[in-house]
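See structure below.
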Amino acid sequence: MASNSSESGEQQAATTKIQIYPTANSGISSFWKDKYEKDAKKYWDIFYKRHQDKFFKDRHYLDKEWGRHFNGPGGKVLLEVGCGAGNTIFPLRATYPDVFVHACDFSQRAISLVKSHKEYSETSVNAFVCDLTNDDLSKQIPSSSVDIVTMIFVLSAVSPEKMSLALQNIRKTLKERFTCKDQKISENFYVRGDGTRAFYFSEEYLAHLFEDNGFVTEEIGLCCKQVENRSRELVMNRRWIQGVFCVASMENDFDLSKSTPDRGSTEIEVKETATEVPLTVEFDLSEGLAAQMFGVSPSNDEVIDISFGDLNFKIKVLSKENQHTCRSTGLMLWESARLMASILVENPSITAGRRVLELGCGCSGICSMIAAQSAHLVVATDADASTLDLLTQNVSENLKSTQLDKLLVRTLHWGNQEHIDAIKKENDRGFDVIIGTDVTYISEAILPLFSTAAKLLSVDGASGVRSEPALILCHVLRRVDEPSILSAASQFGFRLVDRWPCSSPSRVQSIMTSWLSKIDSKDKIPSTALSILYFQRVKSDSDSQN
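Residue numbers for the sequence shown follow our numbering, so the first one is 2 and each next one is one higher.
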């Protein structure tokens, strides 16, 4: 037995020495480390080729886990990183149909699966391939435009040394806590639109502030109130700090050795002079808070007198001192609308006898009202209820009855098929001219904009470039650059026929040049940053079905 044990021990020792693979503690070789990193995309493509959309189950539980982040006024903008086959985004959109989703993945096959999903629509989902550790997300998504980012089993597939790069890339897309442009004075200290200022407190800061100046904190806490504006269908969560502070012992302020009363009488005096100082500090930049909480509703409108040739208009808009309190951009008159109105006045042939649709016209409706002077039919549209109310007032107060008969004010959310069908009932032949002024400043609205225009633009028209149905966009480029606009346009069959300012010196006889030649640039072109894009649509077999 001893001999057998000895032989067994020698065999084990020999076995230990003859080792083909390295031990688990040594890790894989540098060759394989580099290969797995370099070919990571290839392995994920193989994964989705093998499993298609069957590997991960739809994540319907996310509503229970994170539903509070998706609730609230207006549709949220979501970035789903590592979207795979869409097991997160499609269940979320089924529950929250107003959510717009940017969906990216390392694998081209995964993105193809998302785009082939029956619920996929370019108007609600922007799906693209992205290496989070290498590709700049801001080239696909405007900076500071995303409300929520979801990452489900994503970081675990990223090399630890590159995780920080991924998070920095994501961080650029998220909205900042405060979105007040050029309104920050110092840390937590901001200026309102009317020049008044507001400081944002924490409970700790406020307590220290009083205690360092001779007060005692008796009560302090965060107060929350939900305010509902039913007319605008908004629910706002208001927060402020409320505290009660008392004057501390007066020994710090008075030399008691000069006082004659004994200790007992001193205590009585202190008690008698101690005063409570209630303080309420509110977290809000908006003067609209008082109106919404206490029912105060002063008039916020102002009237602008504006003339184009022989046409004079009195336009009601939201006053400048109140514009910062309103979420709608449609309650003011933009420079692009002024320029487009001047062009329509000087070039009446653009709309004469034609069917005209204005997208996102705002409360002024100035372009629609000028078009109504000569057009066969004009439909002025916007998605905001308060904007449409003011637009209706402006139209009724500035147009004659004969013009009012051919100008219709309608609600139109881009991409909303019910609204599109309602517009088609007003005019089933489509529109010869569609106008949009400053409607390209929100990235997630670009695809719905062109989708809607494609469905409502007429497929018929007289021969000749200038007579064919056209989409005209006048704007100042802000958060969405021109290549992104042109890319979205091409997805819905639009081709750029002309632009202003003209980038090609040889095109001196272009449509835009002839239009603008009639305008005194010094007086009627309000900003050098303005530009115009003139689109026509490439006809396809599906047009007759729309």
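All C-beta atoms in this analysis are idealised placements derived from N, C-alpha and C, irrespective of residue type, glycine included.
1. Grouping DSSP H, G and I as helix and E and B as strand, with all else coil, what is tryptophan 516?
2. Does the beta carbon of valine 147 sit closer than 8 angstroms to a beta carbon anywhere in chain B?
3. Using DSSP's beta-bridge definition, name the partner residues of lysine 226.
4. What does a CB cutoff of less than 7 angstroms around valine 100 pick up in its chain, not counting 5 residues either side in sequence?
5. Using only the heavy atoms of the ligand SAM, determine whether one of them is closer than 7 angstroms to the beta carbon of serine 402.
6. So, valine 126 versus alanine 104, is the Cβ gap smaller than 8 angstroms?
7. If you draw a straight line from the alpha carbon of leucine 554 to that of asparagine 189, how long is it in whole angstroms?
8. What does the Cβ neighbour count give for glutamine 374, buried or exposed, with the cut at 16 atoms within 10 Å?
9. If you draw a straight line from the C-alpha of serine 532 to the C-alpha of lysine 519, how long is it?
10. Is leucine 534 buried or exposed, if buried means 16 or more other CB atoms sit within 10 Å of its CB?
11. Specify the secondary structure class of tyrosine 62 as computed by DSSP and reduced to three states.
12. Am I right that isoleucine 305 and leucine 334 are in contact with their C-beta atoms under 8 angstroms? What's the rounded C-beta distance?
13. Nearest to asparagine 313 by alpha carbon, out of Arg339, Arg60, Leu319, Leu332?
14. Who are the Cβ neighbours of glutamate 123 in its own chain at under 6 angstroms, not counting the five residues just before and after it?
15. Quick one: grab the DSSP three-state call for tyrosine 22.
16. Buried or exposed: serine 160, going by 16 or more other Cβ atoms within 10 Å of its Cβ?
17. Look at the Cβ atom of isoleucine 171, then the Cβ atom of valine 82, and state whether they are nearer than 8 angstroms.
18. Just to confirm, are arginine 110 and aspartate 46 a CB contact at a threshold of 8 angstroms?
19. Can you tell me where the beta strand (DSSP E) holding phenylalanine 314 begins and where it ends?
20. From which residue to which residue does the alpha helix (DSSP H) around histidine 420 run?
21. Suppose the cutoff is 7 angstroms on Cβ atoms and the five residues either side in sequence are ignored; what does the same chain contact list for alanine 530 look like?
22. Using only the alpha-carbon positions, how far apart do leucine 360 and tyrosine 206 sit?
23. Please name the residue, chosen from His61, Gly68, Glu483, that lies closest to serine 444 on a Cα-to-Cα basis.
24. What residues match up with isoleucine 305 in a beta bridge as DSSP calls it?
25. Under the three-state reduction of DSSP, which class applies to leucine 531: helix, strand or coil?
26. Rounded to whole angstroms, what is the Cα-Cα separation between tyrosine 442 and cysteine 224?
27. Determine the direct distance from the alpha carbon of isoleucine 473 to that of valine 498, and round the result to whole angstroms.
Taking the coordinates as given:
1. Correct three-state label for tryptophan 516: helix.
2. Note that chain B does not occur in the displayed structure, where there is just one protein chain.
3. DSSP lists Arg239 as the bridge partner or partners of lysine 226.
4. So the qualifying residues of the chain are Phe71, Gly76, Lys77, Leu79, Leu93, Arg94.
5. Here there are no bound small molecules, and the ligand SAM is not part of this structure.
6. Yes.
7. In this structure the chain extends from 2 to 547, so residue 554 is not present and cannot be described.
8. So glutamine 374 ends up on the buried side.
9. Rounded to the nearest angstrom, the gap between the Cα atoms of serine 532 and lysine 519 is 16 angstroms.
10. Buried, since its Cβ has 16 or more Cβ neighbours within 10 Å.
11. Here tyrosine 62 carries a coil assignment [DSSP, helix/strand/coil].
12. Right, their Cβ atoms sit about 6 angstroms apart.
13. Here the closest residue by C-alpha is Arg339.
14. Same-chain partners within the cutoff: Leu448.
15. For tyrosine 22, the predicted structure reports a pLDDT of 43, less than 50, and the residue's modelled location is therefore unreliable. A value from the coordinates is still provided. Here tyrosine 22 sits in coil by DSSP.
16. Exposed.
17. A contact, by the Cβ cut-off of 8 angstroms.
18. For arginine 110 and aspartate 46, yes; Cβs fall inside 8 angstroms.
19. Residues 312–319.
20. First-last of the alpha helix (DSSP H) with histidine 420: 418–427.
21. Only residues of its own chain outside the window of five on either side were considered, and among them Val477 have a CB closer than 7 angstroms to the CB of alanine 530, listed in chain order.
22. Going by the C-alpha atoms only, they are around 48 angstroms apart.
23. With distances taken between Cα atoms, serine 444 lies closest to Glu483.
24. Isoleucine 305 pairs with Ile316.
25. In the three-state reduction of the DSSP assignment, leucine 531 falls in the strand class.
26. Computed Cα separation, rounded: 36 angstroms.
27. If you take the alpha carbons of valine 498 and isoleucine 473, they lie about 10 angstroms apart.
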